[in-house]
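Using my numbering, you'd call the opening residue of the sequence shown number 4 and step up by one each time.
Beta carbons: idealized from backbone N, C-alpha and C, even for Gly.
As the structure is a prediction and not an experimental result, all values here were calculated from the model.
Remarks on the structure that follows.
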Amino acid sequence: AVDMDEILRMQKDEANSAFVKYIKKNYENWFEETAERPLMSQDVMKKKVLPLLDNGEKVFFIVFDNFRFDQWRIIRELLSKDFLCEEEGLYCSMLPTSTQYSRNAIFSGLLPVQIKQLYPQYWVEENDEESKNMYESELIGTFFERYRKKYTYSYNKINDSGAATKYVSELKKLKDKDLNVVVFNFVDMLSHARTDSKMIRELASTDAAYRSLTETWFKHSAIKEFFMALKELDCKVVLTTDHGTIHVRNAIKVIGDKNTNANLRYKVGKNLDYNAKEVLAIKKPEQVGLPSPNISSAYIFATNDDFFAYPNNYNYYVQYYKNTFQHGGVSLEEMMLPIVTMKKL
């Protein structure tokens, strides 16, 4: 069995290397006006949610933060007795694959640089202390304004089972809204707890164990109740995520100044020093829809299962973060995401 696991792992690494080459070659071109490109974060509302609303449907739009395609496949099994799940392929997260960028792009239907230009009050810079996704409800409002739609909507963010139970009890009140948006933060918390807690790290030591933990959580959490309650409402459900996560194994060195952000899979700064062969570097952020904190800011993205470490406390970084789940960079796991339209059977 070990040999089989090893072969699978090698195949996955090869697939990721090929994907990284593809992204390095094509990603920047996707932002040209006439480019052929996959469905991306900024297209989700327009292409997947709006057509249902325009068709007179009531829609629940569910976003699991930091949720991978393999985790969705596990949950799909648990929902398939009650829902018909229409999967029309995957969609591709924009870079960086982190909430601040990808989820704000989903809800606004805009690229981060456009949010900053059009609605500076709703854009939070990398080194600001406040939460990077405080204005999601307002961004949904701007989306409807720009498309001149008068749809009513609610927005809720659920961080734990207690909040999920409370939300389920309020569903009856929400059923008359055209759109109900709900963000479940639990999977993201699971992924971060895995970094900080030795016990959770043991429980989710591999991708398979991580999937198994997802399944256990889903079966025994209020989320299951939420889906059963949705079944009673006459609505369409669009389920997706903002980005995935990858099991990192290999530290690569980067040098940045004190204003460089803390994420281990991407860095944005003005004097970054790195090995160009090891990263995807974006020297002109505006060309890929990203704001520049400074005129000479660049973004660099870790690829495959690499993560960034600073040389001055390199060993600490390696010991603490090796074999954790991280997101922000370029990999199949972080970028290729489930998007599903569901209706009750």
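Do residue j and residue i have their beta-carbon atoms positioned less than 8 angstroms apart in this structure?
i, j, result
"residue 260", "residue 187", "no"
"residue 185", "residue 109", "no"
"residue 263", "residue 340", "no"
"residue 348", "residue 85", "yes"
"residue 333", "residue 23", "yes"
"residue 343", "residue 254", "no"
"residue 337", "residue 140", "no"
"residue 280", "residue 301", "no"
"residue 114", "residue 14", "no"
"residue 77", "residue 214", "yes"
"residue 364", "residue 82", "Only positions 4 to 348 of the chain appear in the structure, and residue 364 is not among them; the question remains open."
"residue 309", "residue 251", "yes"
"residue 48", "residue 112", "yes"
"residue 249", "residue 189", "no"
"residue 56", "residue 182", "yes"
"residue 282", "residue 51", "no"
Determine the extent of the beta strand (DSSP E) in which residue i is found, giving its start and end residues.
i, result
"residue 309", "309-312"
"residue 203", "First-last for residue 203: 201-206, but that is the alpha helix (DSSP H), not the beta strand (DSSP E)."
"residue 171", "Here residue 171 belongs to no beta strand (DSSP E); instead the alpha helix (DSSP H) covers 164-172."
"residue 94", "86-95"
"residue 1", "Nothing about residue 1 can be reported from this structure: the residues present for the chain run from 4 to 348 only."
"residue 298", "No beta strand (DSSP E) contains residue 298, which DSSP labels as neither H nor E."
"residue 145", "No beta strand (DSSP E) holds residue 145; the alpha helix (DSSP H) holding it covers 139-149."
If I follow the unbroken alpha helix (DSSP H) through residue i, where does it start and stop?
i, result
"residue 341", "Element bounds for residue 341: not the alpha helix (DSSP H) but the beta strand (DSSP E), 339-347."
"residue 114", "Looking at the DSSP string, residue 114 is not in any alpha helix (DSSP H), and its letter there is neither H nor E."
"residue 64", "It is not in any alpha helix (DSSP H) - residue 64 instead sits in the beta strand (DSSP E) that spans 62-67."
"residue 243", "Segment 239-244 is the beta strand (DSSP E) holding residue 243; no alpha helix (DSSP H) there."
"residue 55", "53-57"
Please work out which residues of its chain come closer than 8 angstroms, Cβ to Cβ, to residue i, disregarding the five sequence neighbours upstream and downstream, and give them in chain order.
i, result
"residue 12", "none"
"residue 232", "171, 174"
"residue 72", "93, 247, 336, 339, 340, 341"
Report the option in the options whose CA atom is closest to the CA atom of residue i.
i, options, result
"residue 288", "141, 303, 78", "303"
"residue 325", "225, 113, 238, 209", "209"
"residue 30", "292, 281, 159", "292"
"residue 130", "306, 345, 318, 297", "297"
"residue 3", "164, 271, 211, 177", "With the chain running from 4 to 348 in the structure shown, residue 3 is simply not present."
"residue 230", "167, 217, 265", "167"
"residue 99", "265, 155, 312", "265"
"residue 74", "212, 225, 179", "212"
"residue 312", "278, 133, 299", "278"
"residue 79", "217, 282, 169", "217"
Quick check on residue i: does DSSP put it in helix, strand or coil?
i, result
"residue 234", "helix"
"residue 157", "strand"
"residue 250", "strand"
"residue 335", "helix"
"residue 275", "coil"
"residue 256", "strand"
"residue 325", "coil"
Excluding the five sequence neighbours on either side, which residues of its own chain have a C-beta within less than 6 angstroms of the C-beta of residue i, listed in chain order?
i, result
"residue 126", "118, 119"
"residue 61", "238"
"residue 346", "87, 239"
Can residue i be considered in contact with the ligand ADP, in the sense that its beta carbon sits closer than 7 angstroms to one or more heavy atoms?
i, result
"residue 190", "Among the components of this structure there are no ligands whatsoever, and the ligand ADP is therefore not found."
Quick one: residues in its chain with C-beta nearer than 7 angstroms to the C-beta of residue i, no 5 flanking neighbours on either side, listed in chain order?
i, result
"residue 20", "307"
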